[in-house]
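Accompanying notes for the structure given below.
Number of protein chains: 2
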Amino acid sequence: MDTISNKVDAKGRVSLPADYRAIVKDLSSEIVCYRSLSLPCIEGCLEETLDKLASDIETSTDFFSETQDNLTNLIFGDAKRFPFDSTGRILLSEKLLKHAQITTEAVFVGKGRKFQIWNPENWEKEEARIRAEALKNRPSLQPKEER
Amino acid sequence: MDTISNKVDAKGRVSLPADYRAIVKDLSSEIVCYRSLSLPCIEGCLEETLDKLASDIETSTDFFSETQDNLTNLIFGDAKRFPFDSTGRILLSEKLLKHAQITTEAVFVGKGRKFQIWNPENWEKEEARIRAEALKNRPSLQPKEER
DNA sequence: CAATTTCCCATGATATACCATATACATGTT
DNA sequence: AACATGTATATGGTATATCATGGGAAATTG
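Protein chains in written order, with the working numbering: chain W, 1 to 147; chain F, 148 to 294.
Structure (structure tokens):
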């Protein structure tokens with residue numbers, strides 16, 4: 001999956017890039033979005049992905065566990081279903097847009113089973129950061145003819 | 148799923164958010180609410196969820212099941228059915244409202260199989276607390292999210 | 001019979017579904 | 001290679017349906 005930038009209109013509507021939609025659509029007609037815990041971006045995935053995470057938590061802790069309580073609150077309290085309209089758009093909420101500082105342009109970044117939605121400037125910085133990080137951790141990948 | 152704030156009128160009536168209702172309604176026309184054991188909020192779920200909890204504990208071989216048994220009894224003693232009116236509202240009792248310190252505004256927080264109802268200010272604090280906690284413990288969650 | 005509770009209808013606000021246009025992309029043709 | 005044509009996507013706007021909420025009528029209770 002690649003990185004695609006789409007416009008966000010005054011109502012907060014964005015087209016989910018066609019490539020993303022194709023993967024999602026026959027499985028279900030809606031996706032689930034929530035604020036990233038550690039980054040200023042929106043995360044999206046299929047509902048089944050969240051369900052799986054939830055049942056993982058349920059089986060690893062008991063009904064009265066405080067950890068479980070916190071996690072389910074965090075995940076399900078923040079996540080929301082976003083159905084598509086007939087042209088393949090979703091209507092993002094104020095809360096999500098604000099968290100990701102998105103106003104008129106949204107960048108979709110594929111992450112395998114999930115994807116992220118960024119403000120263009122923030123994504124640019126984040127990508128640079130990730131690249132720098134990757135190079136630092138894998139010196140062998142660095143071009144040698146540089147010098 | 149999702150967190151939604153609705154008004155509580157003078158009679159103690161609140162609309163159950165539409166998204167919540169959709170999941171509940173065809174299963175049964177009423178939900179079950181009770182005071183949270185550990186937090187200043189109301190918890191709600193389907194009756195079948197409580198039934199499942201009870202039978203899970205009956206068949207459990209867990210060493211601590213006696214403690215859980217007691218907790219379950221506490222919940223059952225407190226729980227009460229709340230039917231909807233024709234517009235999808237429930238009438239919360241004085242006891243529940245007082246426990247959650249709710250007067251004019253009620254915040255619904257999704258938790259997957261159940262949900263909580265909070266006083267807005269209390270929820271704000273609680274959410275901040277949970278987020279901070281989750282960030283601290285993030286390393287253990289990370290592997291699951293990554294994939 | 002008074003007081004409380006339950007039920008139902010009316011309204012305004014909001015979100016959703018639908019339709020129309022514009023843009024980009026790919027395909028095939030001259 | 002350039003153009004034209006067709007298809008699929010993206011974007012903008014409007015009508016419609018749904019929901020939250022307030023008020024009041026009917027039913028119930030003490």
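For each residue, glycine too, the CB sits at the ideal point set by N, CA and C.
**Study point:** is_contact[Ile277/F, chain W] using C-beta, thresh 7 Å
**Key:** On the second sequence, residue 277/F is found 130 positions in, with the first residue counted as 1. Yes, its Cβ sits closer than 7 Å to a Cβ of chain W.
Exercise for review: Give the interface partners of Val256/F over in chain W, defined as CB-CB distance under 7 Å, in chain order.
Suggested key: Mapped onto the second sequence, residue 256/F falls at position 109. Those within 7 Å of Val256/F in chain W are Asn73 and Gly77.
Review point. Span of the alpha helix (DSSP H) holding Gln296/F?
Key: Here chain F comprises residues numbered 148 to 294, so residue 296/F is not present and cannot be evaluated.
Review point. Taking Cβ-Cβ distances shorter than 7 Å, what residues in chain W pair up with Glu280/F?
Key: As a first step, residue 280/F must be located in the second sequence, where it is residue number 133. The contacting residues are Asn70.
Check your understanding: Between Phe76/W and Gly257/F, is the Cβ-Cβ spacing less than 7 Å?
Key -> Walking along the first sequence from the start, residue 76/W turns up at place 76. Walking along the second sequence from the start, residue 257/F turns up at place 110. Yes, the Cβ-Cβ distance between Phe76/W and Gly257/F is below 7 Å.
Exercise for review: Examine chain W for any beta-carbon lying closer than 7 Å to the beta-carbon of Asp198/F, and answer yes or no.
Suggested key: For the purposes of this step, residue 198/F is taken as residue 51 along the second sequence, with counting starting at 1. For Asp198/F, the answer is no, since every Cβ of chain W falls outside 7 Å of its Cβ.
Review point. If we cut at 7 Å on Cβ distances, does Gly191/F have a partner in chain W?
Key: In the second sequence, counting from the first residue as 1, residue 191/F sits at position 44. Not an interface residue.
Check your understanding: Using a Cβ-Cβ cut-off of 7 Å (strictly less than) and excluding sequence neighbours within five positions of Asp216/F, which residues of its own chain qualify?
Key -> Taking the second sequence and counting its residues from 1, the one referred to as residue 216/F is at position 69. Ile204.
Practice item. Taking Thr3/W as part of the alpha helix (DSSP H), name the residues at either end of that continuous run. Key: As a working note, residue 3/W is residue 3 in the first sequence. Looking at the DSSP string, Thr3/W is not in any alpha helix (DSSP H); the run it does join, the beta strand (DSSP E), is Thr3 to Lys7.
Practice item. Starting from the C-beta of Lys261/F, find all residues in its chain whose C-beta is less than 7 Å away, skip the five residues before and the five after it, and write them out in chain order. Key: Numbered from 1 along the second sequence, position 114 holds the residue referred to as residue 261/F. For Lys261/F, where only same-chain residues beyond five positions count, the Cβ hits under 7 Å are Glu190, Gly191, Cys192 and Thr196.
Exercise for review: State yes or no: is the beta carbon of Phe64/W nearer than 7 Å to at least one beta carbon in chain F?
Suggested key: Taking the first residue of the first sequence as 1, we reach residue 64/W at position 64. It does: the Cβ of Phe64/W has a partner Cβ on chain F nearer than 7 Å.
Review point. How many Å lie between Ala79/W and Arg138/W at the Cα?
Key: Numbered from its first residue, the first sequence carries residue 79/W at position 79. Numbered from its first residue, the first sequence carries residue 138/W at position 138. Looking at the two C-alpha atoms, the distance is approximately 35 Å.
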